[in-house]
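Asks: Right, I'll just put the structure down here and ask away after.
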Amino acid sequence: IWNWYRLQRDDGSGWHDLASEDQAALASGAYAAQLDQLDRMMRGHEHTLATFREALQVQEGVEQLLG
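Residue numbering for the sequence shown follows the numbering used here, beginning at 971 and increasing consecutively.
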């Protein structure tokens, strides 16, 4: 994965894009999906985002590893 929205594969002759979609469209769609999930979380509906507690636990774990 390159630039988060670009999936490439090296077939031995070089790197090739696997997705034909425009990168700007992929990024825009990803941001819209994240905001949709945030809206669902804030309204108390099922969502795929980490909770604030889970996100803080990840942050603290990374800080411990780097500290």
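No residue lacks a Cβ here, since even glycine has one placed at the ideal position from N, Cα and C.
If I follow the unbroken beta strand (DSSP E) through D987, where does it start and stop?
Replies: W985 to D987
Asks: Can you pull the DSSP bridge partners for D980?
Replies: Assignment of beta-bridge partners to D980 by DSSP yields W985.
Asks: Of all the options L1019, A995 and E1024, which has the alpha carbon lying nearest to the alpha carbon of D1006?
Replies: L1019
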